[in-house]
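To start, the structure under review is shown below, and the notes come after it.
Protein chains: 2
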Amino acid sequence: MPAEAAPSYLWVPGLGEAVDFVELSPEESHYLARVCRAREGDRAVATDGRGALATLRVLSLGSRVRAAIETLERPPSAAPRRRAWILCGAPEDQRGDWLVEKLAELGVEVWQPIECARARWRFSSGTLARWQRLAVAALRQSRRRYIVEVRPPAPLAEVASGLPAGAACWMADPDGQRGAPPSEGMGWTVGAIGPSKGFDPGEKDLLEGRAFKPICLSDGRLRTETTALAWAAWWGRGSG
Amino acid sequence: MPAEAAPSYLWVPGLGEAVDFVELSPEESHYLARVCRAREGDRAVATDGRGALATLRVLSLGSRVRAAIETLERPPSAAPRRRAWILCGAPEDQRGDWLVEKLAELGVEVWQPIECARARWRFSSGTLARWQRLAVAALRQSRRRYIVEVRPPAPLAEVASGLPAGAACWMADPDGQRGAPPSEGMGWTVGAIGPSKGFDPGEKDLLEGRAFKPICLSDGRLRTETTALAWAAWWGRGSG
């Protein structure tokens, strides 16, 4: 379906708890009225980014658009699904912005930048807000029901000890296994991508100790951000 | 191997025909001397981007570096290999630059932008030169033996009639087959990616008439450039 034929797709946190109508945030109101040029009476589709999906009808425009909820489908509580979690070292030239956008399009659910021995993220107070905006834009674009959770950078050892139990864990490695299929099963798959200069031996030991399996994603040497993307594309192919 | 431990990797067209030494282009000379900070006597690795691979030793620096060829391995003539060819409609916001870079890293050999009914490329005389520079940078980065051939945009019908015989052809399509494995065999695989608003029905018919099989690369709706990347990552996983 070409983009122009699809109804506008909105991110409305709190939608899952709403009853008859919603009031959109200033950002979503602007997007719907200015970018999508919606009018009163138009229909739109909305998600809370946590699995709920609704059909809305615009009641009134303005800085806070009001819309009636025509249909609302909440996800079955704790329904299992395939989920991806990325740990990623700093790429060169801080190419994090478009990486967040692309990973969100590909359906990754947790974006966790990691501080490594060989590279640290340049991260300021504005970075997280910018990533969050990119995540919303990618959610709208890809029309997904789950939004990526963007997290601030944290040390590898810290995040490695906080991963979900039972996750299938992979570490991108040019010497790793080729052609391994991603898990088709439900639950978390975690991908760890080193910074531009790679993981150091201690970091590799740490990941191997936590059962991260080495996987090779290309026959060439990929940049950090390309590796993360190739991993997410590999994971995404297993679904559906 | 961390990047700092690998010898510099250069693009030297004509290398395959060289005998004892080579004189580098001003661009590669600058890259080797200024970016890699090589000195006389240092070793470097070079490819012609057409399969030849050499070990060089720097004889003299300057605006045209001279280097001795220590070893030179030419590819067996017409040795078969897995090769990827991408036809790609215009993405939004002209995101072609990083797309060329990423496809080159992933090992795509032909980058063919296509003019479609719903979108045309903004293309100026500088675009091809810029793409060529990005292709060289990606060749160095990924340490490949084959450089991507960057082509100017051309109409879909024209390029579709000039594809290599026997190629396996795929068209990205949200309604296409999921989980199809890429061909492991040698030879060309062609991927056709629609512009941001998609192929129009006539274009789809044209591609189907040429045996392009629809393939779905994600359970979400991907942007054009993300689709091209996901396709190249999918293809690249089949190799090696």
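Protein chains in written order, with my numbering: chain A, 1 to 240; chain B, 1 to 240. Every residue, glycine too, gets a C-beta built ideally from N, C-alpha and C.
**Study point:** Cβ neighbours of Ser142 of chain B in the same chain (closer than 6 Å, five flanking residues each side left out)
**Key:** Sequence index remark: in the second sequence, residue 142 of chain B carries index 142 (1-based). Same-chain partners within the cutoff: Glu105.
Check your understanding: Can a CB atom of chain B be found closer than 8 Å to the CB of Trp234 of chain A?
Key -> Numbered from 1 along the first sequence, position 234 holds the residue referred to as residue 234 of chain A. It does; some Cβ of chain B falls within 8 Å.
Practice item. Specify the secondary structure class of Val159 of chain A as computed by DSSP and reduced to three states. Key: As a working mapping, residue 159 of chain A is identified with position 159 in the first sequence. DSSP places Val159 of chain A in the helix class (H, G or I) of the three-state scheme.
Point to revise | Cutoff 6 Å; reference Ala44 of chain A; Cβ partners in own chain excluding five residues on either side | key: Walking along the first sequence from the start, residue 44 of chain A turns up at place 44. For Ala44 of chain A, the CB contacts under 6 Å within the same chain, skipping 5 residues up- and downstream, are Pro7, Ser8, Leu10, Leu56 in chain order.
Review point. Count the other CB atoms within 10 Å of the CB of Asp173 of chain B; is the residue buried (16 or more) or exposed (fewer)?
Key: Residue numbering aside, residue 173 of chain B sits at position 173 when the second sequence is read from its first letter. Buried.
Check your understanding: the ligand COA heavy atoms versus the CB of Arg66 of chain B: any closer than 7 Å?
Key -> Ligands displayed in this structure: none; no statement on the ligand COA is therefore possible.
Review point. Given a limit of 7 Å on CB to CB distance, which residues of the stretch 100-111 of chain B reach chain A?
Key: Along the stretch 100-111 of chain B, going in chain order, the ones with a CB nearer than 7 Å to a CB of chain A are Lys102, Glu105, Leu106, Gly107.
Point to revise | Contact list for the stretch 131-144 of chain A against chain B, Cβ threshold 7 Å | key: Those residues of the stretch 131-144 of chain A that come within reach of chain B (Cβ to Cβ, closer than 7 Å) are Gln141, Ser142, Arg143, Arg144.
Exercise for review: Pull up the distance between the alpha-carbon of Val58 of chain B and that of Val65 of chain B, whole angstroms please.
Suggested key: As a first step, residue 58 of chain B is located in the second sequence; it is residue number 58 there, counting from the start. As a first step, residue 65 of chain B is located in the second sequence; it is residue number 65 there, counting from the start. Going from the Cα of Val58 of chain B to the Cα of Val65 of chain B covers about 7 Å.
Exercise for review: Look at the alpha carbon of Tyr146 of chain B and the alpha carbon of Leu103 of chain B, and state the distance between them as a whole number of angstroms.
Suggested key: On the second sequence, position 146 is the one that residue 146 of chain B refers to. On the second sequence, position 103 is the one that residue 103 of chain B refers to. So the two alpha carbons sit approximately 12 Å from each other.
Point to revise | Min CB distance Asp219 of chain A to chain B below 8 Å | key: The count along the first sequence starts at 1 and reaches residue 219 of chain A at position 219. Yes, Asp219 of chain A lies at the interface with chain B (some Cβ there is under 8 Å from its Cβ).
Check your understanding: Would you report the Cα separation of Arg151 of chain A and Pro76 of chain A, rounded to the nearest angstrom?
Key -> Along the first sequence, read from residue 1 onward, the residue named residue 151 of chain A stands at position 151. Along the first sequence, read from residue 1 onward, the residue named residue 76 of chain A stands at position 76. Going from the Cα of Arg151 of chain A to the Cα of Pro76 of chain A covers about 26 Å.
Review point. How about Gly187 of chain A and Ala167 of chain A: do their beta carbons lie closer than 8 Å?
Key: By one-based count along the first sequence, residue 187 of chain A stands at place 187. By one-based count along the first sequence, residue 167 of chain A stands at place 167. Taking 8 Å as the Cβ cut-off, Gly187 of chain A and Ala167 of chain A qualify as a contacting pair.
Exercise for review: Answer yes or no: do Glu149 of chain B and Glu203 of chain B have a C-beta to C-beta separation smaller than 8 Å?
Suggested key: Taking the second sequence and counting its residues from 1, one reaches residue 149 of chain B at position 149. Taking the second sequence and counting its residues from 1, one reaches residue 203 of chain B at position 203. For Glu149 of chain B and Glu203 of chain B, no; Cβs fall outside 8 Å.
**Study point:** Contacts of Trp98 of chain A in chain B (Cβ-Cβ under 8 Å)
**Key:** The sequence position of residue 98 of chain A within the first sequence is 98, counting from 1. Here the neighbours are Trp98.
Review point. Between Ser60 of chain B and Glu40 of chain B, is the Cβ-Cβ spacing less than 8 Å?
Key: Locating residue 60 of chain B in the second sequence gives position 60, where the first residue counts as 1. Locating residue 40 of chain B in the second sequence gives position 40, where the first residue counts as 1. In this structure, Glu40 of chain B lies closer than 8 Å to Ser60 of chain B by Cβ.
Review point. Between the Cα of Leu229 of chain B and the Cα atoms of B:Val35, B:Ala46, B:Trp85, B:Ile69, which residue gives the shortest distance?
Key: The residue given as residue 229 of chain B occupies position 229 in the second sequence. Comparing Cα positions, the closest option is B:Trp85.
Review point. Using the rule of at least 16 other Cβ atoms within 10 Å of the residue's Cβ for burial, across every protein chain shown, is Gln112 of chain A buried or exposed?
Key: Walking along the first sequence from the start, residue 112 of chain A turns up at place 112. Per the 10 Å Cβ criterion, buried.
Review point. What does a CB cutoff of less than 6 Å around Leu72 of chain B pick up in its chain, not counting 5 residues either side in sequence?
Key: By 1-based counting over the second sequence, the position of residue 72 of chain B is 72. Cβ within range, chain order: Ala54.
Exercise for review: Kindly indicate if chain B contains any beta-carbon less than 8 Å away from that of Thr55 of chain A.
Suggested key: Numbered from its first residue, the first sequence carries residue 55 of chain A at position 55. In terms of beta-carbon proximity, Thr55 of chain A stays away from the interface with chain B, with every pair separated by 8 Å or more.
Check your understanding: Going by Cα to Cα distance, which pick from B:Gly194, B:Cys88, B:Phe212, B:Leu206 is closest to Gln177 of chain B?
Key -> As a working mapping, residue 177 of chain B is identified with position 177 in the second sequence. Shortest Cα-Cα distance from Gln177 of chain B to any of B:Gly194, B:Cys88, B:Phe212, B:Leu206 involves B:Phe212.
**Study point:** Same chain only: Cβ atoms within 8 Å of Phe123 of chain A, ignoring 5 sequence neighbours per side
**Key:** Residue mapping note: residue 123 of chain A aligns to position 123 of the first sequence, counting from 1. Within the same chain, Phe123 of chain A has close Cβ partners Pro113, Pro152, Pro153.
Check your understanding: Once you ignore the five residues that flank Gln132 of chain B on each side, which residues in its own chain have a CB closer than 8 Å to its CB?
Key -> Locating residue 132 of chain B in the second sequence gives position 132, where the first residue counts as 1. The residues are Val150.
**Study point:** Proximal residues, the stretch 199-214 of chain A versus chain B, C-beta separation under 7 Å
**Key:** Cβ contacts with chain B come from no residue of the stretch 199-214 of chain A.
Review point. Which bits of chain B does Leu222 of chain A rub up against, with CB to CB less than 7 Å?
Key: For the purposes of this step, residue 222 of chain A is identified with residue 222 of the first sequence, where counting begins at 1. Correct list: Glu105, Ser142.
**Study point:** Spatial neighbours of Arg140 of chain B in its chain, beta-carbon cut-off 6 Å, leaving aside the 5 residues before and after
**Key:** Locating residue 140 of chain B in the second sequence gives position 140, where the first residue counts as 1. So the qualifying residues of the chain are Tyr9.
**Study point:** Close beta carbons around Leu217 of chain A, own chain, < 7 Å, minus the five adjacent residues each side
**Key:** Counting from 1 along the first sequence, the entry for residue 217 of chain A is found at position 217. Closer than 7 Å at Cβ, skipping near neighbours: Ala172, Thr227, Ala230, Trp231, Trp234.
Point to revise | C-beta neighbour in chain B for Ala157 of chain A, strict 8 Å | key: Position 157 of the first sequence, counted from the first residue, corresponds to residue 157 of chain A. Chain B, which has no Cβ nearer than 8 Å to the Cβ of Ala157 of chain A, makes this no.
Check your understanding: Per DSSP, Gly191 of chain A forms a beta bridge with which residues?
Key -> Residue 191 of chain A sits at position 191 when you count from the first residue of the first sequence. Its beta-bridge partners are A:Ile86, A:Trp170.
Review point. In whole angstroms, what separates the C-alpha of Glu17 of chain A from that of Glu70 of chain A?
Key: Stepping through the first sequence from its first residue, residue 17 of chain A is reached at position 17. Stepping through the first sequence from its first residue, residue 70 of chain A is reached at position 70. Roughly 14 Å between the two C-alpha positions.
Check your understanding: What did DSSP end up calling Pro181 of chain A once you bin it into helix, strand or coil?
Key -> In the first sequence, the residue the question calls residue 181 of chain A occupies position 181. Under the three-state reduction of DSSP output, Pro181 of chain A falls in the coil class, being neither helix nor strand.
Check your understanding: Taking the alpha helix (DSSP H) that Ala230 of chain B falls in, what are its first and last residues?
Key -> For the purposes of this step, residue 230 of chain B is identified with residue 230 of the second sequence, where counting begins at 1. Ala230 of chain B -> alpha helix (DSSP H) spans 224-237.
Check your understanding: So with Cβ pairs under 8 Å, would you call Ala52 of chain A a contact of chain B?
Key -> Position 52 of the first sequence, counted from the start, is the residue given in the question as residue 52 of chain A. It does not; no Cβ of chain B falls within 8 Å.
Review point. In chain B, what lies closer than 8 Å to Thr127 of chain A by C-beta?
Key: Taking the first residue of the first sequence as position 1, residue 127 of chain A is located at position 127. For Thr127 of chain A, none of the residues of chain B pass the 8 Å Cβ criterion, the least Cβ distance being about 19 Å.
**Study point:** Bounding residues of the beta strand (DSSP E) (the contiguous stretch that carries Pro113 of chain A)
**Key:** The residue given as residue 113 of chain A occupies position 113 in the first sequence. Counting along the chain, Pro113 of chain A sits inside the beta strand (DSSP E) bounded by residues 110-115.
Practice item. Classify Ala129 of chain B as buried or exposed, calling it buried when 16 or more other Cβ atoms lie within 10 Å of its own Cβ. Key: As a position in the second sequence, residue 129 of chain B is number 129, starting the count at 1. Burial state of Ala129 of chain B is exposed, judged by a 10 Å Cβ sphere holding fewer than 16 other Cβ atoms.
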